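Protein chains in written order, with this note's numbering: chain Z, 1 to 375; chain F, 376 to 750. What follows is a short report on a single structure.
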């Protein structure tokens, strides 16, 4: 398996990844502690989609002492948003709602530009706008959310980035990210830029504000060096909570915007979404007879993962689906139809919210509202 | 000799430096061509203080075709301004006046912060303000001049910096600047930031504007990589004209703000300036008798260089001084007194202009006026 901030491929062993990255598992005790604040446990916690963390205990310690935390997450605007992107955003919104947390949402248009072939920012800027509509459609509270685009709002980031950069050597970024002599100096500097929003809640308010980063596990290397630098700048180390990737509809691997047939985009029509689902790889057998006899394998099946991650919230229902799959009672075609019947209304609703978001973009942008969010 | 953007020491052989850097000498023919536009030849050109260039011919070609060029120079605000800094600024003002050229003046407060021990920008910001007063005191035309501070005006620089950075690898900056694995990633990225003002005249106006950089020769490595990147971004390669360093008042070496007794600051009182000059190293002999008999050596004498660079504009007068020095007619004490009598009124006048500049800062700042200068 390969898991870096730029590439995720192979069969991902999340336990091994957490061990390698040195993160902590989300234990039942810690989940119980979260539940005391949230009432019920969010599906993505119950099901281990968010599965690992750093310093979540400390975030709760501080919260219980009356010190609220801020949330920080981000998006590299290199193309359309697919359902895999939306998964952690939905969880982030849940955290915002329950903990009344401010959210700093970073659009890393500079990173995407540096890694791609384009010679102009036009594409990055277009995708930034399109992706912001998707972010707003999730339902974040505009009063408690600010969206920061690196190139458009660099004046809010650069001084802290320079301070952070002063404590990051080429040795470090080489070791953490595998940078080489042939890496361009923009990419080399970028980890400093990505560290900044973790410090902004404290920097902007002038007091120590704990920061929690909900994000997919592949971004962890950035937070490792951010955490190393934090005390040197007088900021608390950001805590993290890490999620798994929603697999693509093809055979294995993360969903990717670069393989459009394996990803359902938020802007896909009902017809396209249905076609993609009906063409999906599954954990089924070669023939109906075989499947009726031996059952199928949900653990390698993207259709099952779609249900499990997002579209079948009821635990009893998903367990029944799993049993029916494994026993051979449910065939893949039927199972795909179940998913289609849930994805289509989800997309309709999402697209309506996305359309409505066009009138509310300014309420979220750093260039319109600055960085001051309520206490 | 060591000549890098961060260190200049040893006896500097400018011819060798130009050969090593691959720059062109300012030939009599080229100076004649300049003179056709400027009427008289500026002291700093007549005396070879500006001694080398890249593409100055092309700048004049374009100018003669009716295409005006912009000027770009800069200052790293790490401490007080001394007379050595003012030398190329006076020449830059001359170019601005004669060619009605727009000037982009960059304050590299980020660079200075990245190279120094301070943990905060407070010092950089204070020196930026103080140094801006010195720059304005030179007499630049506020209508044709904009001062850009990297951290305060980063929104004008960052996108182009990222575009430039995409074409600069760690290999390149390692080879050009001697960066190592232990170099911090802010310093590694900085050459991209320093390249930007060379492109701004074109980027802001939306058409191709030639750019001429008057600066000390130690900054040349920055322009070499800036020139390599320029065509990839669709900008013309910036031309340069390089000056020598005014030596410090101690024995050998460039004047340095870090050795305050060897540098006359623009803010020095008459008493302090006089003391520094009277304590200066000279090319004199051990005894008066010996000097009367054998003469002194102006070519190693900072007092002579002060006269030659700035304080004795009349060629006949400086030649007479040189002859009197070499013949033993003029003793070092008398020669120092001649310099003192010129430096003191210069400082008085400079300090008055510097004081007046406080009311005009806003007329120069990018954050107040933007980057649009007249055609």
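Glycine included, every Cβ here is placed at the ideal spot set by N, Cα and C. Predicted model only: the values in this text are computed from it and were never measured.
Hey, does residue i have any beta-carbon neighbour from chain Z nearer than 8 Å?
| i | result |
| --- | --- |
| residue 534 (chain F) | yes |
| residue 561 (chain F) | yes |
| residue 642 (chain F) | no |
| residue 453 (chain F) | no |
| residue 530 (chain F) | yes |
| residue 808 (chain F) | This structure does not reach residue 808 (chain F), given that chain F is present from 376 up to 750, and the question cannot be answered. |
| residue 580 (chain F) | no |
| residue 610 (chain F) | no |
Only counting the same chain, and skipping five residues up and downstream in sequence, which positions put a Cβ closer than 6 Å to that of residue i?
| i | result |
| --- | --- |
| residue 304 (chain Z) | 298 |
| residue 670 (chain F) | 701, 702, 703 |
| residue 341 (chain Z) | none |
| residue 232 (chain Z) | 167 |
| residue 237 (chain Z) | 227, 230 |
| residue 350 (chain Z) | 137, 266 |
| residue 334 (chain F) | Since the first and last residues shown for chain F are 376 and 750, residue 334 (chain F) lies out of range. |
| residue 89 (chain Z) | 138 |
| residue 705 (chain F) | 699 |
| residue 707 (chain F) | 657, 659 |
| residue 710 (chain F) | 678 |
| residue 576 (chain F) | 445, 584, 586 |
| residue 752 (chain F) | A question about residue 752 (chain F) goes unanswered here, because the residues of chain F that appear run from 376 up to 750. |
| residue 574 (chain F) | 535, 610 |
Is there a Cβ from chain F that is less than 8 Å from the Cβ of residue i?
| i | result |
| --- | --- |
| residue 112 (chain Z) | no |
| residue 244 (chain Z) | no |
| residue 181 (chain Z) | yes |
| residue 151 (chain Z) | yes |
| residue 199 (chain Z) | no |
| residue 192 (chain Z) | yes |
| residue 346 (chain Z) | no |
| residue 121 (chain Z) | yes |
| residue 189 (chain Z) | yes |
Suppose the cutoff is 8 Å on Cβ atoms and the five residues either side in sequence are ignored; what does the same chain contact list for residue i look like?
| i | result |
| --- | --- |
| residue 348 (chain Z) | 270 |
| residue 519 (chain F) | 471, 475, 476, 477, 478, 748, 749 |
| residue 129 (chain Z) | 361 |
| residue 525 (chain F) | 481, 482, 483, 484, 485, 486, 532, 568 |
| residue 378 (chain F) | 387, 392, 592, 593 |
| residue 165 (chain Z) | 189, 192 |
| residue 412 (chain Z) | In the structure as shown, chain Z begins at 1 and stops at 375. Residue 412 (chain Z) is therefore absent and cannot be evaluated. |
| residue 401 (chain F) | 420, 423, 425, 426, 427, 428, 431, 616 |
| residue 118 (chain Z) | 124 |
Only counting the same chain, and skipping five residues up and downstream in sequence, which positions put a Cβ closer than 7 Å to that of residue i?
| i | result |
| --- | --- |
| residue 30 (chain Z) | 56, 57 |
| residue 224 (chain Z) | 176 |
| residue 740 (chain F) | 522 |
| residue 757 (chain F) | An answer regarding residue 757 (chain F) cannot be provided, because it is not within the stretch 376 to 750 covered by chain F. |
| residue 682 (chain F) | 693, 696, 714 |
| residue 527 (chain F) | 742 |
| residue 370 (chain Z) | none |
| residue 684 (chain F) | 424, 462, 621 |
| residue 667 (chain F) | 703 |
Does the distance between the C-beta of residue i and the nearest non-hydrogen atom of the ligand MG fall short of 7 Å?
| i | result |
| --- | --- |
| residue 702 (chain F) | In the structure shown, the ligand MG is absent, as is every other ligand, since no ligand is present at all. |
### Query
Are three or more beta carbon pairs between the region 135-143 of chain Z and the region 409-416 of chain F nearer than 8 Å?
no
#### Entry: Uninterrupted beta strand (DSSP E) stretches inside the region 142-213 of chain Z (no shorter than 3 residues)
145-149
### Task
Could you tell me whether the region 359-370 of chain Z touches the region 555-573 of chain F, using the rule of 3 or more Cβ pairs below 8 Å?
no
### Query
Can you list the alpha helix (DSSP H) stretches of 4 or more residues lying completely in the region 293-357 of chain Z, in chain order?
302-306, 315-327, 332-357
### Message
Which complete alpha helix (DSSP H) runs does the region 589-630 of chain F hold, if anything under 4 residues is left out?
### Response
595-604
#### Entry: Cβ pair count under 8 Å reaching 3, the region 460-471 of chain F against the region 582-593 of chain F
yes
### Query
Is the number of C-beta pairs between the region 278-295 of chain Z and the region 13-23 of chain Z that are closer than 8 Å three or more?
no
### Task
Would you list, in chain order, the members of the region 161-176 of chain Z that have their beta-carbon closer than 9 Å to a beta-carbon of chain F?
161, 162, 163, 164, 165, 166, 167, 168, 169, 170, 171, 172, 173, 174
### Message
Using a Cβ-Cβ cutoff of 7 Å, what residues of the region 89-105 of chain Z are near chain F? List them in chain order.
### Response
none
### Query
Considering only residues of the region 378-412 of chain F, which uninterrupted alpha helix (DSSP H) runs meet the minimum length of 4 residues and lie entirely inside it, listed in chain order?
389-396
### 4-residue-minimum alpha helix (DSSP H) runs that sit fully inside the region 412-470 of chain F, ordered along the chain
418-421, 431-439
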